[in-house]
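*Asks:* Before we start, here is the structure in question, set down as structure tokens.
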Amino acid sequence: MDSVAVIDFETTGMSPEQGARATEIAVVLLRGGEVVDRFQSLMNTGAWVPPFIEELTGISNEMLDDAPPAERVMREVAEFVGGVPMVAHNASFDRRFWEAELARAGRAGGNPFACTLLLARRVYPEAPNHKLGTLARHLALPVTGRAHRAMADAEMAAGLWLGIRRALAQRYRLPDPDHSTLCALQSVPRAGLAAWIGRHCGG
């Protein structure tokens, strides 16, 4: 089983292209199906946190006043992650902030991202919806802390990632699929999932 870095950002808005900035980052490093390390930090970008975001996340402007500069945090987390493949729930969101904040810190990105949201839509079509909290309740994943804080959500996404791998082994006889296989699998239409696994993975 390969190593992956499960990441979550809290931010001031939906997109760095629209001026949003990160306020918190957390990474859970998995190796062999076990948590082997963690990284978490608030980050001061100088951006203002709107009241509805503060209510959602619990992260206030006052908290960020005392946080380390975003550029320093991103350099540290880039060293922590290295070249390990990454995982996030709704990965297109986190990947945009990962790349944008790294660029501001003068660091290159390029780590491949797998998405537990896309995978869960294929593996758990019976779930009421595919929000992270809903999936955690549906699968009885451990409660990891307050939702919409980076470490709690990264821990929950890590549990979901491992659950997806177990489900693929049980339902499709696909033990220990690597990150690149799951990146390909997340774009396969749900109706064609079993056939794709059979053709490409010997299932």
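If you read the sequence shown in the working numbering, its first letter stands for residue 1110, the second for the next number, and so on. Beta carbons are placed, not taken as given, at the ideal position from N, Cα and C, and that holds for glycine.
Could you give the DSSP three-state label for T1154: helix, strand or coil?
*Replies:* coil
*Asks:* Nearest-angstrom Cα distance between G1312 and A1179?
*Replies:* Here G1312 scores only 46 on pLDDT, less than 50, and its place in the model is too uncertain to base an answer on.
*Asks:* What's the call for E1264, buried or exposed, on a 16-neighbour Cβ count within 10 Å?
*Replies:* buried
*Asks:* What would DSSP say about D1262, mapped onto helix, strand or coil?
*Replies:* The answer is helix: DSSP assigns D1262 an H, G or I state.
*Asks:* Since A1293 contacts V1115 with CB under 8 angstroms, what's their CB separation in whole angstroms?
*Replies:* So it is not a contact: roughly 19 angstroms between Cβ atoms.
*Asks:* Among A1200, M1152, Q1295, which residue has its Cα nearest to the Cα of P1177?
*Replies:* M1152
*Asks:* Could you give the first and the last residue of the continuous alpha helix (DSSP H) run that contains E1180?
*Replies:* 1179-1190
*Asks:* Suppose you measure from the CA of R1140 to the CA of P1234; what does that come to, to the nearest Å?
*Replies:* 27 angstroms
*Asks:* Once DSSP output is grouped into helix, strand and coil, what is the label at T1132?
*Replies:* strand
*Asks:* What number of angstroms, rounded off, separates the C-alpha of R1258 from the C-alpha of P1160?
*Replies:* 16 angstroms
*Asks:* Can you tell me which residues form a DSSP beta bridge with A1143?
*Replies:* Checking the displayed sequence, the identity of residue 1143 turns out to be Glu instead of Ala. The partner list for E1143 (beta bridge, DSSP) reads R1140.
*Asks:* From which residue to which residue does the beta strand (DSSP E) around T1120 run?
*Replies:* 1113-1120
*Asks:* Taking Cβ positions, are V1186 and V1113 nearer each other than 8 angstroms?
*Replies:* Taking 8 angstroms as the Cβ cut-off, V1186 and V1113 do not qualify as a contacting pair.
*Asks:* E1119 and T1166: beta carbons closer than 8 angstroms?
*Replies:* yes
*Asks:* Using the three-state DSSP reduction, which class does V1232 fall into: helix, strand or coil?
*Replies:* helix
*Asks:* Pairing CB atoms from the region 1202-1218 with CB atoms from the region 1124-1134, are three or more of them under 8 angstroms?
*Replies:* The count of Cβ pairs closer than 8 angstroms, one atom from the region 1202-1218 and one from the region 1124-1134, reaches three, so the stretches are in contact.
*Asks:* Tell me, which residues are paired with C1224 by DSSP?
*Replies:* Answer is A1197, bridged to C1224.
*Asks:* Going by beta carbon distance, what residues of the same chain come within less than 6 angstroms of A1223, once the five residues before and after it are set aside?
*Replies:* V1196, H1288, L1291, C1292
*Asks:* Which of the three DSSP states is assigned to Q1279 in this structure?
*Replies:* helix
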